[in-house]
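Have a look at the structure below, then the notes.
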Amino acid sequence: MTSFLRSDRSTPVAIWLLVVAALVLAMVVVGGATRLTDSGLSITEWKPLHGALPPLSQADWQAEFAAYRKIPQYQQLNRGMSLDEFKTIFWWEWSHRLLGRIVGLVFLVPFVWFAVRRQIPQRLFLRLGGLFILGGLQGAVGWWMVASGLSERVSVAPERLTVHLGLAFALLGALVWTALDAFAGWARQTLPSPWGRRALWLTALIYLQILLGALVAGNDAGLIYNDFPLMGGRLVPDDYWGGSLWATIAHSQGAVQLHHRLVAYLLLAVALAMGAAAWRSRYLARDSKVLALAVALAVVAQAGLGIATLMARVPIGLGIAHQLMAALTLALAVVFAWRVRRI
Numbered sequence: 000m001t002s003f004l005r006s007d008r009s010t011p012v013a014i015w016l017l018v019v020a021a022l023v024l025a026m027v028v029v030g031g032a033t034r035l036t037d038s039g040l041s042i043t044e045w046k047p048l049h050g051a052l053p054p055l056s057q058a059d060w061q062a063e064f065a066a067y068r069k070i071p072q073y074q075q076l077n078r079g080m081s082l083d084e085f086k087t088i089f090w091w092e093w094s095h096r097l098l099g100r101i102v103g104l105v106f107l108v109p110f111v112w113f114a115v116r117r118q119i120p121q122r123l124f125l126r127l128g129g130l131f132i133l134g135g136l137q138g139a140v141g142w143w144m145v146a147s148g149l150s151e152r153v154s155v156a157p158e159r160l161t162v163h164l165g166l167a168f169a170l171l172g173a174l175v176w177t178a179l180d181a182f183a184g185w186a187r188q189t190l191p192s193p194w195g196r197r198a199l200w201l202t203a204l205i206y207l208q209i210l211l212g213a214l215v216a217g218n219d220a221g222l223i224y225n226d227f228p229l230m231g232g233r234l235v236p237d238d239y240w241g242g243s244l245w246a247t248i249a250h251s252q253g254a255v256q257l258h259h260r261l262v263a264y265l266l267l268a269v270a271l272a273m274g275a276a277a278w279r280s281r282y283l284a285r286d287s288k289v290l291a292l293a294v295a296l297a298v299v300a301q302a303g304l305g306i307a308t309l310m311a312r313v314p315i316g317l318g319i320a321h322q323l324m325a326a327l328t329l330a331l332a333v334v335f336a337w338r339v340r341r342i
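So for the sequence shown, numbering that gives the first Met the number 0 puts the first residue at 0; every next one is plus one.
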């Protein structure tokens, strides 16, 4: 393996990984739009290769539409939909899948190029292979998610949506971290500090909140209890208990929205406290302090955006902005966690 590798750092590799991260971010945005427009079940087959081509004739469109008319979503929610209306939701889902294919190519082709030219830092080679596998797994999980809505449900299973979105955000964070490693080379930490652990805990809490948000989205729980700060005038909604622990955690609309709210309060308090403590810390460099404040401000902005989105009953524009801001907040937290480990 070492014959393919050299150097401890590579700016071109770092730029490439940031480009891939930007494409993953675009996938998150398009995926959010696909969900908000109820477009995710419009393509009822998984065709990894020839599925890259859209319908090219009227007969092809009629075949796709005929397949969609067989599933419960059409029969129970969209009966009577015209072909033109079907094309609208089809293009959202097709674009989302096309972006996934583009991400794979933009990762694989430069990876081979950099490996042949021995520009990949040796310590990152196996990690990059893991990232490629994670990206491929994301495609399979995406189909596993879609398949849950093709036979008995009118939408995908919330827990599968959560896994799918969670993998996308994990991939985004890992790409950003690895790009920073490629740019900076080996860490040369000189002073002991608790900030590395603290920043990772903050990042984990942001990630947990994203997963809880995915459960809210998967259950359409943002369409109910649109008052704030109470829920239907109560601290705990009447329909909190779903009949079992799993049903409550994953499928109760009232419960998933309450959990998302509660963790938001916790996250807001932790982010603000950590930002203030970081600014006063004698261990942190100024750029680390600025990053801590940036994360805190991003959490505040995301909380305000979440409240506005909820009270407006999740219009598409606000819903997409809320998901995009979640991704940017996580990316900032990853940069902060990476930076404070390199004092």
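Here a beta-carbon is modelled for each residue, glycine too, at the ideal position from N, C-alpha and C. The model shown is predicted, which means the values in this text are computed figures rather than measured ones.
### Task
With a threshold of 16 other CB atoms inside 10 Å of the CB of Glu44, please say whether the residue is buried or exposed.
By the 10 Å Cβ count, Glu44 comes out exposed.
### Message
So, for Ala169: in the same chain, excluding its five sequence neighbours on each side, which residues have a beta-carbon less than 8 angstroms away from its beta-carbon?
### Response
The answer, listed in chain order, is Leu133, Tyr206.
### Task
Could you tell me if the beta carbon of Leu296 falls within a distance shorter than 8 angstroms of some heavy atom in the ligand GTP?
This structure lacks the ligand GTP; in fact it carries no ligand of any kind.
### Query
Opposite Met230 in the DSSP bridges: which residues?
DSSP, once it has assigned bridges, lists Arg233 as partnering Met230.
### Query
Which of helix, strand or coil does DSSP assign to Lys86?
DSSP places Lys86 in helix when its eight states are reduced to three.
### Task
Only counting runs of 4 or more residues, tell me where the alpha helix (DSSP H) segments fall wholly within the region 114-144, in order along the chain.
Counting whole runs of 4 or more residues, the region 114-144 contains no alpha helix (DSSP H) stretch at all.
### Query
So, are the CB atoms of Asp83 and Pro120 less than 9 angstroms apart?
Remark: C-beta atoms of Asp83 and Pro120 do not approach each other more closely than 9 angstroms.
### Query
What residues in its chain sit with their C-beta under 6 angstroms from that of Asn42, if we drop five residues either side in the sequence?
Looking at the sequence provided, one finds Ile at residue 42 rather than Asn. Within the same chain, Ile42 has close Cβ partners Glu92.
### Query
Along the chain, where does the alpha helix (DSSP H) that runs through Tyr73 open and close?
Note, Tyr73: alpha helix (DSSP H), 71-75.
### Query
Nearest-angstrom Cα distance between Val18 and Arg116?
Distance between the alpha carbons of Val18 and Arg116: 19 angstroms.
### Task
Assign Tyr282 to one of two classes, buried (16 or more other C-beta atoms within 10 Å of its C-beta) or exposed (fewer than that).
By the neighbour-count rule (16 or more Cβ atoms within 10 Å), Tyr282 is not buried but exposed.
### Query
Taking one C-beta from the region 307-322 and one from the region 17-35 each time, how about it: are there three or more such pairs within less than 8 angstroms?
Yes: at least three Cβ pairs fall under 8 angstroms.
### Task
Decide if the region 60-71 is in contact with the region 136-144; the criterion is three or more beta carbon pairs, one per stretch, under 8 angstroms apart.
They do not touch, by the three-pair rule.
### Query
Are the beta-carbon atoms of Trp278 and Ala268 separated by less than 9 angstroms?
With contacts defined by Cβ atoms closer than 9 angstroms, Trp278 and Ala268 do not form a contacting pair.
### Query
Just the Cα atoms here: how many angstroms apart are Thr1 and Arg96?
Residue placement at Thr1 is flagged as unreliable, the pLDDT there being 44, under the threshold of 50; the coordinate-derived value follows with that caveat. Going by the C-alpha atoms only, they are around 35 angstroms apart.
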